[in-house]
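One structure below.
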Ligand SMILES: CC(C)(COP(=O)(O)OP(=O)(O)OC[C@H]1O[C@@H](n2cnc3c(N)ncnc32)[C@H](O)[C@@H]1OP(=O)(O)O)[C@@H](O)C(=O)NCCC(=O)NCCS
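Listed below in structure tokens is the structure:
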């Protein structure tokens, strides 16, 4: 159970929204030159960690990863852009929605390759869960995701 505090700060999602870019090198790929799934998930996890820590102002750990969808392959030489955004904060946990796109250098054509939900938990100096700021959604899309996040959290905990 997260330790209670007087930390009642509220923050907009855009304050912690994170964009990370990578280039796919041969060492990131399978023998067909396709970006390995595990490497991509590692990058998504890093972007989500940066995003959650900027929201929480604490060290955060990955508690779960779900609904990971590999929608299209990326290939060696492609530029990968990853965006991570907090959809809702609870007590000590936050849901982060992460999307990744691949861009072909020569044509500049960009397409969605992955989407996933990460749950991060903020921890204190003793690695115990600790309270995070309230998320204050501002746009209609953010408000909608905020509402849906509650149902997703319930489903996640049910399958824990
Ligand atoms: C994540 C962790 C800190 C949760 O600790 P815990 O003692 O189980 O804490 P609690 O049961 O009080 O849960 C704390 C929060 O995590 C959430 N949580 C715990 N397990 C979860 C799961 N599998 N999926 C989603 N949320 C989860 C709880 O809902 C709660 O959220 P809330 O405070 O916002 O309501 C702990 O399980 C842990 O350290 N796991 C290993 C993390 C790790 O090594 N990650 C990889 C390296 S970063």
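Numbering (the numbering used here), first residue to last: 127 to 286. For every residue, glycine included, the Cβ atom is placed at its ideal position computed from N, Cα and C. Fair warning: this is a prediction, and the values are worked out from it, not measured in the lab.
8 Å CB neighbourhood of residue i in its chain, flanking five on each side removed
{"i": "residue 132", "result": "Because residue 132 sits at a pLDDT of 47, beneath the cut-off of 50, its placement in the model cannot be relied upon, and the point is left open."}
{"i": "residue 185", "result": "179, 248 and 249"}
{"i": "residue 281", "result": "none"}
{"i": "residue 137", "result": "181, 259, 260, 261 and 262"}
{"i": "residue 167", "result": "191, 194 and 242"}
{"i": "residue 271", "result": "213, 214, 223 and 263"}
Residue range of the alpha helix (DSSP H) that includes residue i
{"i": "residue 143", "result": "It is not in any alpha helix (DSSP H) - residue 143 carries neither H nor E in the DSSP assignment."}
{"i": "residue 248", "result": "It is not in any alpha helix (DSSP H) - residue 248 instead sits in the beta strand (DSSP E) that spans 236-249."}
{"i": "residue 271", "result": "266-284"}
Cut-off 6 Å between Cβ atoms - residues of its own chain near residue i, not counting five sequence neighbours on either side
{"i": "residue 269", "result": "263"}
{"i": "residue 207", "result": "147 and 227"}
{"i": "residue 174", "result": "210, 222, 224 and 244"}
{"i": "residue 283", "result": "none"}
Check whether residue i and residue j have beta carbons under 8 Å apart
{"i": "residue 242", "j": "residue 219", "result": "no"}
{"i": "residue 212", "j": "residue 261", "result": "yes"}
{"i": "residue 170", "j": "residue 224", "result": "yes"}
{"i": "residue 203", "j": "residue 150", "result": "yes"}
{"i": "residue 145", "j": "residue 201", "result": "no"}
{"i": "residue 159", "j": "residue 196", "result": "no"}
Residue i CB to nearest heavy atom of ligand 2 below 7 Å
{"i": "residue 199", "result": "Annotation note on ligand 2: not contained in the displayed structure, which lists ligand 1 as its ligands."}
Residues of its chain near residue i, where Cβ-Cβ distance is below 7 Å and the 5 sequence neighbours each way are ignored
{"i": "residue 165", "result": "154"}
{"i": "residue 216", "result": "279"}
Residue i at chain B interface by Cβ criterion, 8 Å
{"i": "residue 164", "result": "Considering every chain present, this structure includes no chain B. It has just one protein chain."}
In chain order, each alpha helix (DSSP H) run of at least 4 residues that lies wholly inside the region 146-231: Runs of the alpha helix (DSSP H) inside the region 146-231: 163-182.
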